[in-house]
Each structure stands twice: as C-alpha cells, then as structure tokens.
Amino acid sequence: MWTQNRPDPDLEVPEAVVTAARGDAITAVWRNEAGGTTYRLGDGPTRRFAKWAPHGSGLDLHAEEMRLRWVVDFTPAPRVLEIGGDDAGEYLVTAGVPGRSAVDLLWAADPATAAREAGRGLRRLHDVLPVDECPFGWSVDDRIATSEKARTAPPGLGDPPAIDRLVVCHGDPCVPNTLIGDDGLWSGHVDFDALGVADRWADIAVATMSLGWNYGPGFEQTFLDSYGVADDPVRTAYYRALWAAT
Numbered sequence: 200m201w202t203q204n205r206p207d208p209d210l211e212v213p214e215a216v217v218t219a220a221r222g223d224a225i226t227a228v229w230r231n232e233a234g235g236t237t238y239r240l241g242d243g244p245t246r247r248f249a250k251w252a253p254h255g256s257g258l259d260l261h262a263e264e265m266r267l268r269w270v271v272d273f274t275p276a277p278r279v280l281e282i283g284g285d286d287a288g289e290y291l292v293t294a295g296v297p298g299r300s301a302v303d304l305l306w307a308a309d310p311a312t313a314a315r316e317a318g319r320g321l322r323r324l325h326d327v328l329p330v331d332e333c334p335f336g337w338s339v340d341d342r343i344a345t346s347e348k349a350r351t352a353p354p355g356l357g358d359p360p361a362i363d364r365l366v367v368c369h370g371d372p373c374v375p376n377t378l379i380g381d382d383g384l385w386s387g388h389v390d391f392d393a394l395g396v397a398d399r400w401a402d403i404a405v406a407t408m409s410l411g412w413n414y415g416p417g418f419e420q421t422f423l424d425s426y427g428v429a430d431d432p433v434r435t436a437y438y439r440a441l442w443a444a445t
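So for the sequence shown, our numbering puts the first residue at 200; every next one is plus one.
Okay, structure coming up:
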C-alpha cells in the first residue's frame, strides 16, 4: 500500500466475506491499486479484518498467510484466523492488532509523531526478526524474477549497491502499514505479503518515500533519526528505482 485509499462505502461486499463475517458488521476500510479490498468485521478489541482478492487481481493471499504465521511469533502482527475463497476470489481473515494506521486521520494531523514512530517501528522489526530462521527472500534477484512488471533487470537500474545490513524486511513498508497506539507509540505492522530477507535499505528507501506521498515533504529526517541511521542517497535512489520497476 502506498497512500491512503479509502473505498467507496457503497462498495458491494463479496458473498464470501459476508459468510466469513458471521453476522458481524462489515466496514470497507481500504482498497488497493490491484482491486483488493480490506474489510473490518465487527468493532472494538474483538474486531477482525478480511482481505479480499478477486480472481485475476494478482494478489496472493496464501503468500501473506505463510508469512503471517511465521512473523507473528516475533513482532506484533495480524494473527491468521481463516483463509478461503469461492468462484469470485479469495479472502484472508486475521485478528485485529491494537493501534491505528499511521495515516488514520488522528496521525495524519500529527505527521511528526507518525514519521517518528514509523522509523522506530521499522528499526524494531529489523532488529527482532531472525534472518537465519526466515524462509522467505526479498533480494533484488528474487524481486525481479517474480515481478509481473520486470522479468529481467530493468534498463538503467544498474548493479545493486553492496549490502549495508541484511535483515528480514517488511516488504511493503509504506507508512499506512505502520500501526500507532492512542498513546502515540508504535504498536505493530500489517500487510506482510512480501516479507523476506534483503538489505535494510530496501525497506528504508520506500518507507521514507511514502512519507512524502502521505504527509508532504519534510519528514524523512525525522524517520531516519528515529530509525537510527544516516541518510544514504545511493542506496535510497537504487531501492526506490527497484520499487518502481517491480
């Protein structure tokens, strides 16, 4: 997810999601560029979330299911409750994680706090996830090979810079996927469908880019200071170009 993308409240709810809701109120909360929609089922501390991926969207909910089942043992992340589908598409139901998206109206009005906690949360994620135990990859070669946009290295991308620090990357570190509690502190992450081992700048470069998309200019240094790293223009430029190409 790149920016805020609130769905039409009158969007028709897929029958499979209605069944998965088991009578709970259904609220569409997010619609991505591929046509997938996230629904909140119920409300309060027992709320659940259902991701819907229509057939042909290119979204792989099984990939996210596998990654969630692994990552939830190490960091605050959605717990898988159910996965299924029908002739129209597939759905993934997860338990709610405390906190609000960093682009919720509360935090959109306080972007300095959002940028600070996004940086702090990403650093914690990179510090706690065990590289040697992670079965998933997100290297440059992995991304190019599996991309629907680029099956070979895009012209002009060049060779990747040397690895700064190998970590388990989030894979979609745009700030909407950061959660912040009402106390103003990072509380977790969502949307782990691309999680995998890579240089930490593969995450950092995109996370800082997404600050401008969501809050406007002026917050990248806040993020970097909170993460605890100096700016690296070369790695930032490379991994932003890779993101755009794949």
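Using N, Cα and C, we set each Cβ at its ideal position, and we do this for glycine too.
Quick caveat: nothing in here was measured; it's all calculated off a predicted structure.
Beta carbon of residue i nearer than 9 Å to that of residue j
i	j	result
LEU356	TYR437	yes
ALA307	ASN376	no
ALA252	LEU258	yes
ARG278	LEU267	yes
ALA262	ASP392	yes
LEU328	VAL366	yes
TRP229	ARG323	no
ASP363	ASP431	yes
PRO456	PRO244	With the chain running from 200 to 445 in the structure shown, residue 456 is simply not present.
ALA317	VAL374	yes
LEU240	ASP223	yes
GLY336	ALA406	no
ASP242	ARG299	no
Beta bridge counterpart(s) of residue i as assigned by DSSP
i	result
LEU378	SER300, GLY387
ALA252	GLU289
ILE225	LEU240
GLY336	VAL396
ARG230	THR236
Host alpha helix (DSSP H) of residue i (start-end)
i	result
ARG246	Taken as a continuous stretch (DSSP letters only), ARG246 belongs to no alpha helix (DSSP H), as it is neither H nor E.
GLY295	Careful: GLY295 lies outside any alpha helix (DSSP H) and carries neither H nor E.
GLY395	Segment 395-398 is the beta strand (DSSP E) holding GLY395; no alpha helix (DSSP H) there.
ALA344	339-345
ALA210	The residue you asked about is not Ala; residue 210 is Leu in the sequence shown. First-last for LEU210: undefined, no H or E at that position.
VAL327	310-327
LEU267	260-270
LEU423	419-426
VAL433	432-444
Integer-rounded CB distance, given that residue j should sit under 8 Å from residue i
i	j	result
CYS333	GLY288	The pair is not a contact, with the Cβ atoms about 29 Å apart (cut-off 8 Å).
ALA422	LEU410	Residue identity check: residue 422 is Phe in the sequence provided, not Ala. At roughly 6 Å, the Cβ-Cβ gap stays under 8 Å, so PHE422 and LEU410 are in contact.
PRO213	GLY387	Between GLY387 and PRO213 the Cβ distance is about 26 Å, and since that is not below 8 Å, they are no contact.
ALA313	ILE403	Rounded, the Cβ-Cβ distance is 16 Å, inconsistent with contact.
PRO359	VAL339	5 Å
GLY284	SER256	In fact, because the Cβ distance is near 12 Å, the residues do not count as touching under 8 Å.
MET408	ARG434	So it is not a contact: roughly 13 Å between Cβ atoms.
ARG319	CYS368	Not a contact, Cβ separation roughly 16 Å.
For residue i, the first and last residue of its enclosing beta strand (DSSP E)
i	result
LEU280	279-284
LEU356	Run containing LEU356: none; DSSP gives neither H nor E here.
VAL366	365-368
Residues near residue i in its chain [Cβ-Cβ closer than 6 Å; skip 5 each side]
i	result
HIS254	GLY288
ARG342	THR445
PHE273	VAL327, LEU328
ALA301	ALA313, ALA317, VAL374, THR377, ILE379
THR202	Unreliable positioning characterises THR202 in this predicted model, as indicated by a pLDDT of 47, which lies under 50. The coordinate reading is nonetheless provided below. TRP412, ASN413.
VAL271	ARG278
8 Å CB neighbourhood of residue i in its chain, flanking five on each side removed
i	result
GLU264	VAL279, ILE282, LEU291
VAL217	ILE225
MET200	With a pLDDT of only 42 at MET200, under 50, the local geometry of the prediction cannot be trusted, and the value read off the model is given with reservation. Result list for MET200: TRP229, ASN231, ASP371, CYS373, PRO375, ASN376, ASP390, in chain order.
HIS325	ARG364, VAL366, VAL367, CYS368, ARG399, ASP402
Cβ-based neighbour list, residue i, same chain, cut-off 7 Å, excluding 5 preceding and 5 following
i	result
ALA294	ARG247, PRO277, ARG278, LEU280
GLY427	ARG322
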